[in-house]
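The listed protein sequences derive, respectively, from chains A and B. For any residue, its number in the numbering used here is found by taking its place in the first sequence, counting from 1, and adding 311. For any residue, its number in the numbering used here is found by taking its place in the second sequence, counting from 1, and adding 311.
2 protein chains.
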Amino acid sequence: MTTSSEPQAAAERELCGLVNGLAQQIAVHVRECAAVLGLTSAQATALREMTGPMTMRELAERMSCEPSNATFVVDKLEKQGLIERRAHPTDRRAKQLVLTAEGDALRERLLGLLVQDSPLAGLTAQQQRTLQGLLEQAIIRS
Amino acid sequence: MTTSSEPQAAAERELCGLVNGLAQQIAVHVRECAAVLGLTSAQATALREMTGPMTMRELAERMSCEPSNATFVVDKLEKQGLIERRAHPTDRRAKQLVLTAEGDALRERLLGLLVQDSPLAGLTAQQQRTLQGLLEQAIIRS
DNA sequence: GCATCAAGCTTGAAACAGTCAAGCTTGAAA
DNA sequence: TTTCAAGCTTGACTGTTTCAAGCTTGATGC
């Protein structure tokens with residue numbers, strides 16, 4: 312049995328479960344916020360990652376999915392008039408994605424909703440800072 | 312603009328993004344570990360939650376999904392000979408899910424893989440304990 | 001200049017995930 | 001025993017995601 316001989320592994324398992332639980336709660340939260348604005352989860356993720364003009368590939372990487380998937384999601388956002396595909400200024404192969412005025416406004420509303428009542432609201436400002444530090448370290452390392 | 316007048320909100324946004332990033336990394340990690348064993352993410356989640364015999368409903372709750380979805384996933388696991396639907400000892404309506412010997416062995420391998428190279432491996436034991444405390448508080452509150 | 005290969009994006013097919021409504025069997029309670 | 005609720009399954013449907021294939025364009029080497 313690895314259980315009794317390696318308590319460290321057991322602790323990591325438990326922590327892994329906790330992070331998974333939090334991740335799931337956040338996923339639900341994102342879906343709910345997105346639904347309020349008439350978006351799906353994937354669309355909300357795309358909108359959230361659109362911090363500025365970028366190419367399809369960049370967006371796909373930020374969403375950690377295939378470019379073909381990004382194509383699908385951007386299609387939907389474009390149909391809703393939230394995003395535009397423009398010609399890339401220097402690379403004629405690439406598209407430059409730009410949020411429209413409505414897209415930008417909706418993005419602001421989305422970010423507001425995401426913060427509100429988030430699963431992290433139960434932590435104090437100090438605790439949030441601590442958590443942020445740990446997360447940054449964990450993410451950078453991997 | 313809420314940005315300049317509310318620095319607190321900006322900090323929460325950043326933290327929210329970090330948690331989302333970690334959640335995504337973990338999702339990718341789970342998928343990769345599952346793929347090594349010939350499983351999908353949902354199948355791996357089900358296997359991970361099978362800490363012992365339980366009903367379909369219990370499993371669905373642990374996976375935080377609908378029972379019909381659990382039916383779908385258990386079907387796949389059953390086809391692979393990893394899990395069995397038995398008659399429930401006291402309630403004839405319910406099924407009792409039990410891992411087969413192969414299912415149990417695969418579960419052990421999965422848990423091992425999940426811990427290995429997890430996005431949390433970059434933290435010390437002490438940091439992991441701190442993180443665990445914060446996550447427990449965040450999850451309980453919401 | 002031109003051939004070749006790689007990069008960026010799209011398309012179509014397919015699998016997977018997830019919800020919802022409807023239906024069946026069974027348990028529990030009036 | 002009648003009625004209602006619980007457990008599970010099925011089927012239809014939507015959304016997500018991946019993969020392979022194909023097109024255009026950029027970059028590299030001859």
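The beta-carbon is built from N, C-alpha and C at its ideal position, and this holds for glycine as well.
Spatial neighbours of residue i within its chain, please: CB distance less than 8 Å, with the 5 preceding and 5 following residues excluded, ordered by chain position.
{"i": "ALA398 (chain B)", "result": "LYS406, GLN407"}
{"i": "GLU389 (chain A)", "result": "GLU395, ARG396"}
{"i": "ASP428 (chain A)", "result": "HIS340"}
{"i": "PRO430 (chain A)", "result": "LEU333, GLN336, ILE337, HIS340"}
For residue i, collect the residues of the same chain with a Cβ closer than 7 Å to its Cβ; drop the 5 residues on either side in sequence, then sort them by chain order.
{"i": "GLN443 (chain B)", "result": "none"}
{"i": "GLN438 (chain A)", "result": "none"}
{"i": "LEU348 (chain A)", "result": "LEU417, ARG420, LEU421"}
{"i": "GLU413 (chain A)", "result": "GLY392, LEU393"}
For residue i, which of helix, strand or coil comes out of DSSP?
{"i": "THR366 (chain A)", "result": "strand"}
{"i": "GLU377 (chain A)", "result": "coil"}
{"i": "GLN427 (chain A)", "result": "coil"}
{"i": "LEU410 (chain B)", "result": "strand"}
{"i": "THR401 (chain A)", "result": "coil"}
{"i": "ALA432 (chain B)", "result": "coil"}
Counting only C-beta atoms, is residue i closer than 9 Å to chain B at any point?
{"i": "THR356 (chain A)", "result": "yes"}
{"i": "ARG296 (chain A)", "result": "With chain A covering only 312 through 453, there is no way to say anything about residue 296 (chain A)."}
{"i": "ARG396 (chain A)", "result": "no"}
{"i": "LEU445 (chain A)", "result": "yes"}
{"i": "LYS370 (chain A)", "result": "For clarity, residue 370 (chain A) is Leu in the given sequence; the question names Lys instead. So no, LEU370 (chain A) is outside the interface."}
Under 9 Å between C-beta atoms, does residue i make it to chain A?
{"i": "PRO378 (chain B)", "result": "no"}
{"i": "THR441 (chain B)", "result": "yes"}
{"i": "ALA334 (chain B)", "result": "yes"}
{"i": "SER315 (chain B)", "result": "In this prediction, SER315 (chain B) scores a pLDDT of 42, lower than 50, which makes its location untrustworthy; no coordinate-derived value is stated."}
{"i": "ARG418 (chain B)", "result": "no"}
{"i": "ALA449 (chain B)", "result": "yes"}
{"i": "ALA346 (chain B)", "result": "no"}
From which residue to which residue does the alpha helix (DSSP H) around residue i run?
{"i": "GLN354 (chain A)", "result": "352-360"}
Could you spell out the range, first to last residue, of the beta strand (DSSP E) harbouring residue i?
{"i": "ARG396 (chain A)", "result": "394-398"}
Suppose the cutoff is 6 Å on Cβ atoms and the five residues either side in sequence are ignored; what does the same chain contact list for residue i look like?
{"i": "GLN342 (chain A)", "result": "Gln is not the amino acid found at residue 342 (chain A); the sequence shown has Arg there. So the qualifying residues of the chain are SER352."}
{"i": "MET361 (chain A)", "result": "LEU410"}
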